[in-house]
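Below is one structure, written out as structure tokens, with a few remarks after it.
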Amino acid sequence: YTPYQAEIAQGRLEALLNFQTMVMDLSGMEVANASLLDEGTAAAEGMAMLFAARPRAQAKEGRNRFLVDAAVFPQTLSVMRTRAAHLAIDLQVVTREAMLSVAAEGDVFGCLVQYPDADGEVEDLTAMTSGMADLGVRTVFATDLMAMLLLKS
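Residue numbers for the sequence shown follow the numbering used here, beginning at 120 and rising by one.
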């Protein structure tokens, strides 16, 4: 038996849905996207999605700054810079320690954090992410799925 194209497409969609559901379970996040090819593209898409989904009040305020963890992989940062330039997003690379104070300046709509970071460092990000949420700043995580099996999500 050779499956026809519609069956193959349905099987692929089902596999993607199952994978996305697993990622949401592992990460504790509300949304996961498995249809992108690499981490850099997924990170840029997350940034673009948050920019497009800004509350109307944030768009009127001119919130167009996106913070990126200084410990992100360089290839991820490169893709994000390219996408940000075309969307008129002010992308700023900052350390994790400075993220909350920079976000408190008021023109930040989102941030990306690498977990574990490019140096393999792992830290509890609960206070930072809840602080960002209190400021109305949404967070995107670039994660290693195998690490998520062992680390706090």
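Backbone N, C-alpha and C define an ideal beta-carbon position, used for all residues, glycine too.
Helix, strand or coil for residue i? Go by DSSP, reduced to three states.
i	result
Gly181	coil
Ala175	According to the sequence as given, residue 175 is Arg; it is not Ala. Three-state DSSP puts Arg175 in a helix.
Asp188	strand
Assuming residue i and residue j form a contact by the criterion Cβ under 8 Å, report the distance between their Cβ atoms to the nearest whole angstrom.
i	j	result
Ala189	Val213	6 Å
Val187	Met199	6 Å
Gly147	Val259	Not a contact, Cβ separation roughly 14 Å.
Leu264	Val150	Between Val150 and Leu264 the Cβ distance is about 15 Å, and since that is not below 8 Å, they are no contact.
Leu268	Leu145	7 Å
Using DSSP bridges, identify the partner residues of residue i.
i	result
Thr262	Tyr234
Arg131	Paired residue(s): none; Arg131 is not in a bridge.
Within its chain, find whatever has a CB closer than 7 Å to the CB of residue i; leave out the 5 residues flanking it on each side and keep chain order.
i	result
Gly250	Leu219
Arg182	Arg173, Asp226, Val227 and Phe228
Asp243	Lys271
Leu210	Phe185, Val187, Met199, Arg200 and Ala203
Met247	Arg215, Met218 and Leu219
Gln233	Asp188, Ala190, Val191, Phe192 and Ala261
Asp112	A question about residue 112 goes unanswered here, because the residues of the chain that appear run from 120 up to 272.
Asp236	Asp188 and Ala190
Got a sec? Which residues, its chain only, sit under 6 Å from residue i by beta carbon, not counting five neighbours each side?
i	result
Arg257	Leu169 and Gly229
Glu273	No information on residue 273 is available, as it lies outside the stretch 120 to 272 that the chain covers here.
Ala162	Thr195, Met199, Leu231 and Ala261
Could you check whether the Cβ of residue i sits closer than 7 Å to any heavy atom belonging to the ligand GTP?
i	result
Pro174	The ligand GTP is not part of this structure, which contains no ligands at all.
For residue i and chain C, any beta-carbon pair shorter than 8 Å?
i	result
Asp144	No chain C appears in the structure shown, which is made up of a single protein chain.
Can you find the residues in the same chain that come closer than 8 Å, C-beta to C-beta, to residue i, ignoring five residues on each side of it along the sequence?
i	result
Ala223	Leu254
Q: Counting only runs of 3+ residues fully inside the segment 193 to 249, write out the beta strand (DSSP E) ranges in chain order.
A: Listed in chain order, they are 209 to 213 and 227 to 234.
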